[in-house]
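Our numbering applies: residue 139 is where the sequence shown begins, and numbers increase by one. Here the structure comes first, spelled out in structure tokens, and everything after it is commentary.
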Amino acid sequence: MQRNFLKEFKPILFLSLKNYNKEKFISDLMAGLIVGIVALPLAIAFGISSGVTPEKGIVTAIIAGFIISFLGGSHVQIGGPTGAFIVIVYGIVEQFGVTGLAIATVLAGVMLVLMGVLKLGTVIKFIPYPIVVGFTSGIALTIFSTQIKDLFGLSIAKVPSDFFAKWGVYFQHLGTINWWATGIGVLSVAIIFLTPKISRKIPGSLIAIVLMTVIVLVMKNYLGITGIETIGDRFQINSQLPQANPIGFNLESIRMLFPSAFTIAILGAIESLLSATVADGVIGKRHNSNMELVAQGVANIVTPFFGGIPATGAIARTMTNINNGGRSPVAGVIHAVVLLLILLFLGDLTKHIPMACLAGVLVVVAYNMSEWRTFRSLVKQSGGTLAVLLTTFILTVIFDLTIAIEVGLLLAIFLFLKRMNESTQVSVTTGKIDISKEIESHSGNLQDEVLHLPKGVEVYEIDGPFFFGVANKFDDVMREIGERAQIRIIRMRKVPFIDATGLNNLQNLCKNSRREKIQVILSGVNGNVRAKVENSKIPDIIGKENICSNIHLAVDRATVLSEKMGEERPRKHKPF
139 MQRNFLKEFK PILFLSLKNY NKEKFISDLM AGLIVGIVAL PLAIAFGISS
189 GVTPEKGIVT AIIAGFIISF LGGSHVQIGG PTGAFIVIVY GIVEQFGVTG
239 LAIATVLAGV MLVLMGVLKL GTVIKFIPYP IVVGFTSGIA LTIFSTQIKD
289 LFGLSIAKVP SDFFAKWGVY FQHLGTINWW ATGIGVLSVA IIFLTPKISR
339 KIPGSLIAIV LMTVIVLVMK NYLGITGIET IGDRFQINSQ LPQANPIGFN
389 LESIRMLFPS AFTIAILGAI ESLLSATVAD GVIGKRHNSN MELVAQGVAN
439 IVTPFFGGIP ATGAIARTMT NINNGGRSPV AGVIHAVVLL LILLFLGDLT
489 KHIPMACLAG VLVVVAYNMS EWRTFRSLVK QSGGTLAVLL TTFILTVIFD
539 LTIAIEVGLL LAIFLFLKRM NESTQVSVTT GKIDISKEIE SHSGNLQDEV
589 LHLPKGVEVY EIDGPFFFGV ANKFDDVMRE IGERAQIRII RMRKVPFIDA
639 TGLNNLQNLC KNSRREKIQV ILSGVNGNVR AKVENSKIPD IIGKENICSN
689 IHLAVDRATV LSEKMGEERP RKHKPF
């Protein structure tokens, strides 16, 4: 058992090294170098937009990226800070500070590890798609709205966190637009969009940052143009190795930050597994979802002690890795080493990057995250899908991601239960039952026959899962019949399962029937449904002899009971 556990939770890195060779290493080396360079501006941008310093984003990409590749369950996954976390991280930092963020991230890491150990990697994939699209699109709009100040160089002392208040302040300060910064931002966006048409190997964000940084340096030093804010104007870059620092955990802070930590964990799990699934489709391999969750968890437990922020699988960097030849976790490890070297030896150069350019990079990130085409297609689907989509989207934008995911999940669950309940039908039959097309019989062989029911006997057939609402359907059908039966045969051959509420309602139905001196006979109760029925009080209420395996036995039993009640003996004949 222990061997099976270790085999199932063995990192992909160790498995991929068995047939590793020089050619694969060179391919992974080149991919790792390019992804490391690509990850630098994104890590800086995500760190700044999350409300922390630029190097914290880089540190996260280094440490978390290394751990996720080293321990992960995917061949090509690249981990690090992502745009999806910007909103939740910014909110935590604003309310609880950097220490609160560290506590929430560690808690989220513990949750992710538990998800993996409990083998919930496949379960997490079943989160309704409208919820994923709803909060992703909501995050995209929120990210876009946070970049307006830097994109246009607006002179605003403090931007409100509230969505509508933020845009109100923007409109009030339209007169402070810095046209040089605006030009840098717009040109950055144009370069990022146009680069793929020339080359898909070199990322547009890297070209934009390098080119815009050089242009701004020339404008400042040789043309005397000032007023274009850079990273160095706002932050002091620390290009040294990060040191581990203790985190002050206490029960009160854990209680307060638990909802935010849960959101980080769920968001990290969804994004990493979606990224790994997309990557599998490209490279033709399968990832180990449970091991991937464990790696994500360990990364988020370790990184906060070095000042990092939440991390997960990044689909953009993962696809960059694939497109440049990366086929094993070695490329991800190399990407982390490259980032470390850049931080140590070129970290001071990052202070010259213009903020408007970083804003342009994040505007493109927001556009790619928005999934507006998918959003538009989901709007045209059912009312339930639209309700879940819009609810999650609006709550993400107006309130926060924690509330959005919680309410979205609850709404999706209620709608699912409603659909399942509506899919269960209850039909009633009196007089006779034509079972010529059914397989149920005494011998197990197909028999063409019609079963005639005695007077006062009704057959209710349940088609579908027995949920809480089925008992109400019984009442509705009985009211339509009008005349009260003496014997009720309930056919359950098409009931795949019964939940606790359904079992309780069936038990109450049997009690009420006995109180009204109506005998209940269950028919076709097999498998796990029969086991649950027999473990309830139903056999004591209706009698074990009235739980029959097929309709023939149920009708025979009804005949015996009907005769005792002074009714006519039912006739049985085959149709012509």
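Glycine is no exception: its CB is placed at the ideal position from the N, C-alpha and C atoms. Since this is a predicted model, take the numbers as computed values, not measurements.
Under 9 Å between C-beta atoms of residue i and residue j
{"i": "G435", "j": "G211", "result": "no"}
{"i": "H425", "j": "A414", "result": "yes"}
{"i": "I447", "j": "V244", "result": "no"}
{"i": "G470", "j": "Q215", "result": "yes"}
{"i": "R652", "j": "I627", "result": "no"}
{"i": "K224", "j": "S187", "result": "The sequence shown places Ile at residue 224, not Lys. It is a contact, given that the beta carbons lie within the stated cut-off."}
{"i": "G365", "j": "N428", "result": "no"}
{"i": "F604", "j": "L641", "result": "yes"}
{"i": "L325", "j": "M350", "result": "yes"}
{"i": "L178", "j": "I201", "result": "no"}
{"i": "G217", "j": "S391", "result": "no"}
{"i": "A199", "j": "L171", "result": "no"}
{"i": "L484", "j": "S343", "result": "no"}
{"i": "L530", "j": "P268", "result": "According to the sequence as given, residue 530 is Thr; it is not Leu. Yes, the Cβ-Cβ distance between T530 and P268 is below 9 Å."}
{"i": "L167", "j": "I472", "result": "yes"}
{"i": "V173", "j": "R455", "result": "yes"}
{"i": "R557", "j": "S165", "result": "no"}
{"i": "L270", "j": "L431", "result": "The question names Leu, yet the displayed sequence has Val at residue 270. Not in contact: V270 and L431 (Cβ atoms no closer than 9 Å)."}
{"i": "K257", "j": "G445", "result": "no"}
{"i": "L589", "j": "I573", "result": "yes"}
Inter-residue Cα distance where the pair is residue i and residue j
{"i": "A403", "j": "T260", "result": "15 Å"}
{"i": "N462", "j": "I453", "result": "14 Å"}
{"i": "R393", "j": "M630", "result": "46 Å"}
{"i": "Y158", "j": "P298", "result": "52 Å"}
{"i": "V354", "j": "H490", "result": "8 Å"}
{"i": "G582", "j": "H690", "result": "Below a pLDDT of 50, predicted positions are generally treated as unreliable, and G582, at 47, falls in that range; no measurement from the model is reported."}
{"i": "Q624", "j": "I659", "result": "11 Å"}
{"i": "Q585", "j": "I571", "result": "Summary for Q585: the model assigns pLDDT 48, below 50, so the residue's position carries little reliability; its value from the coordinates is reported in the next sentence. Those two C-alpha atoms are separated by around 13 Å."}
{"i": "V251", "j": "Y505", "result": "31 Å"}
{"i": "V545", "j": "I551", "result": "10 Å"}
{"i": "L279", "j": "I536", "result": "11 Å"}
{"i": "Q657", "j": "G602", "result": "23 Å"}
{"i": "S398", "j": "A437", "result": "17 Å"}
{"i": "I340", "j": "I175", "result": "10 Å"}
{"i": "L379", "j": "I345", "result": "27 Å"}
{"i": "I541", "j": "E232", "result": "17 Å"}
{"i": "C495", "j": "V227", "result": "22 Å"}
{"i": "G522", "j": "G221", "result": "28 Å"}
{"i": "H580", "j": "G665", "result": "Residue placement at H580 is poorly supported in this model, since its pLDDT is 43, which falls under 50; the coordinates still yield a value, given next. Cα to Cα, H580 sits roughly 18 Å from G665."}
{"i": "A497", "j": "I286", "result": "8 Å"}
{"i": "F282", "j": "W305", "result": "11 Å"}
{"i": "S520", "j": "I277", "result": "23 Å"}
{"i": "L479", "j": "S207", "result": "18 Å"}
{"i": "I336", "j": "V327", "result": "15 Å"}
Which of helix, strand or coil DSSP assigns to residue i
{"i": "K335", "result": "helix"}
{"i": "G238", "result": "helix"}
{"i": "L178", "result": "helix"}
{"i": "I680", "result": "helix"}
{"i": "T368", "result": "strand"}
{"i": "K296", "result": "coil"}
{"i": "F373", "result": "coil"}
{"i": "F301", "result": "helix"}
{"i": "F604", "result": "strand"}
{"i": "G464", "result": "coil"}
{"i": "G218", "result": "strand"}
{"i": "M630", "result": "strand"}
{"i": "N459", "result": "helix"}
{"i": "Q378", "result": "coil"}
{"i": "T95", "result": "Here the chain covers residues 139 to 714 and nothing more, so residue 95 does not appear."}
Bridge-paired residues (DSSP) for residue i
{"i": "Q657", "result": "I625"}
{"i": "C495", "result": "Per DSSP, none; premise fails for C495."}
{"i": "D694", "result": "Looking at the DSSP assignment, D694 forms no beta bridge with any residue, so it has no partner."}
{"i": "A595", "result": "Note that residue 595 corresponds to Val in the displayed sequence, not to Ala. In DSSP, V595 forms a bridge with I625."}
{"i": "I728", "result": "Residue numbering for the chain in the displayed model covers 139 to 714; residue 728 lies beyond these limits and cannot be assessed."}
{"i": "H590", "result": "K570"}
{"i": "I685", "result": "L660"}
Any C-beta of chain C under 9 Å from that of residue i
{"i": "V436", "result": "No chain C appears in this structure, which consists of one protein chain only."}
(message) Please give the ranges of any beta strand (DSSP E) in the region 504-588, keeping only runs that are unbroken, at least 3 residues long and fully inside the region.
(response) 563-568 and 570-572
(request) May I have a chain-ordered list of the alpha helix (DSSP H) segments no shorter than 4 residues that lie completely inside the region 383-457? (result) Here the runs fully enclosed are 389-421 and 427-440.
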